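The sequence shown begins at 362 in our numbering and counts up by one. The beta carbon of each residue, even a glycine, is placed where N, CA and C say it ideally should be. Small disclaimer: the values here were computed from a predicted structure and weren't measured.
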Amino acid sequence: MLSDAIRRWDDARLDVAPDAPLIDLVMKDAGAKFSVVWAGEGFPADIDAALRSARMADILPSTSTPLVVARHMSPGAVAVLEERGVSWVDETGRASVHAEPGIAIVIDRERSPTENLRPLPRSSRWAPGTAAVAETVLVRAARLPDAHAEPLPSVTRLAADAGVSTALASRALQGFDAEGWTSKSGASRGPRAARTLSDPSTMLSSWASWHAEQVPSRIGVHAVVDDPDRFVRDRLAPQLRTDDWALTGWLALQHTAPFLTSVPLLSVYLAPRLFDDGAALDRVLTAAGLRRVDRGARLEILRADELVLRGAELDVPVGEEQSTSSPAPVRWASAIRLYGDLLRMGARGPDAAEHLRQTRIGF
């Protein structure tokens, strides 16, 4: 937590004021008063929401300096804070704190795995079933004009869409209520009971942080790809049933919210019935003129869960005519799943994810 990180700084003393969220930070003979602003997981959308809420709640006195705190500041969030000149610290021990008189702290390294700090609670609220319910809610919200306005479907419907039991979906929603992400109105149960999505931004950040930590089963494939779109439509799609696969990653981003000028890696979710059947998968690869590789893959095949395939969006060919009169349709992972996938895709991935969030998801 904040106190754990600050106490690691040389010559620092932290005093929590009785009227929290104010704190006094003393460095040697200099000291300053800060107003702590909690920004959740530490994505740019979290920073904007936290500072906006703090101003509306009038918890940023003119006599104190804002100090934004998060679990792990993303590169995009750091850029936003530095541009605005706002001090920050995260639970990994990184910090950029500046205040008069005489306080200047910049720490640009994460804590060593051997350092004895309190474990982060982020993943404790998530399990695959709960995450499936959250993703189902978020995918639906991202497709609505106003994510806050429409009541959520019934528990039974959400459970069916997420592929979980009604009891699990009910427990998950109760947990979301406790987090403040969803809220109930009307009767406690029955046809007049309703639940709405009250804080989709924080919910998305928390779910996405969990999702980015998951490591999907993966198969690397060698492919010569001059035109990624044509390669997918002409060589890969004809070998697969429409409901057996969905694109994610860089090519999906180019179609959803263009960001890069090239596609460094093609990423495809494949149904377990093919992914787990080595002979069937090899037949598909051979028919497409592809082969497995251990290194230097141009195409990665990811083992799909039912939810990503159920939430995928069907796309018909646009633009330049393809080489066949009736090209195979292509399916794209939902913007929510794409956001979570991009967060774990190398150095540019988090920046690309935030671009998608701002331009397409909207919360």
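The C-alpha of L631 lies about 44 Å from the C-alpha of L428. Annotation: the continuous beta strand (DSSP E) that includes V691 extends over 691–693. Spatial neighbours of S531 in its own chain (CB-CB distance under 7 Å, excluding positions within 5 residues in sequence) are listed in chain order as V516. Closest by C-alpha distance to A533, out of A573, V500, A488, is A488. In the DSSP assignment, S628 forms a beta bridge with T609, E661. Around the C-beta of R698, 16 or more other C-beta atoms lie within 10 Å, and the residue is accordingly described as buried. By the criterion of at least three beta-carbon pairs nearer than 8 Å, the region 709–716 is not in contact with the region 501–521.
In the displayed model, A523 falls within a helix according to three-state DSSP. Here L608 really is in contact with V629; their C-beta atoms are around 6 Å apart, less than 8 Å.
The beta carbon of S546 sits closer than 6 Å to the beta carbons of A555 from its chain, once the five residues preceding and following it are set aside; these are given in chain order. For R653, the secondary structure class from DSSP, reduced to helix, strand or coil, is strand. With three or more CB-CB distances shorter than 8 Å, the region 593–601 counts as touching the region 689–698. In this structure, DSSP gives A510 a state outside helix and strand, which the three-state scheme calls coil. Here D637 is exposed: its Cβ has fewer than 16 other Cβ atoms, across all protein chains shown, within 10 Å. In this structure, the alpha-carbon of T563 lies about 24 Å from that of A613.
R634 sits in a helix when the DSSP states are folded into three classes. Going by beta carbons, S695 and E667 fall outside the 8 Å limit. A contact between stretches requires three or more CB pairs, one per stretch, nearer than 8 Å, and the region 430–438 meets this requirement with the region 394–408. The continuous alpha helix (DSSP H) containing S566 extends over residues 561–574. Cβ contact annotation for D538 (same chain, cutoff 8 Å, sequence separation greater than five): S544, K545, R556, in chain order.
In this structure V624 does not touch W606 by the C-beta definition: roughly 17 Å separates them, more than the 8 Å allowed. C-alpha of R653 to C-alpha of G581: approximately 6 Å in a straight line.
Beta-carbon to beta-carbon, L412 and V398 are separated by about 6 Å, close enough to satisfy the 8 Å threshold. Less than 8 Å divides the Cβ of V525 from the Cβ of V494.
The shortest CA-to-CA distance from S448 to any of S435, T426, G454 is the one to T426. Following the DSSP letters along the chain, one finds H716 inside the alpha helix (DSSP H) bounded by residues 710–717. Under the DSSP assignment, P427 falls in the beta strand (DSSP E) whose first and last residues are 426–431. Annotated as distal: P589 and L663, with beta-carbon spacing of 8 Å or more. Cβ contact annotation for R705 (same chain, cutoff 7 Å, sequence separation greater than five): A573, in chain order.
In summary, A640 is exposed, with fewer than 16 beta-carbon neighbours lying within 10 Å of its beta-carbon over all protein chains present. A direct Cα-Cα distance of roughly 34 Å separates D643 from L717.
If you check the CB distance, V645 and L601 come in under 8 Å.
In this structure, the beta-carbon distance from E715 to G437 falls below 8 Å. In this structure, DSSP gives G707 a state outside helix and strand, which the three-state scheme calls coil. According to DSSP, residue pairing for D676 in a beta bridge involves V691.
For A555, the enclosing beta strand (DSSP E) begins and ends at 555–558.
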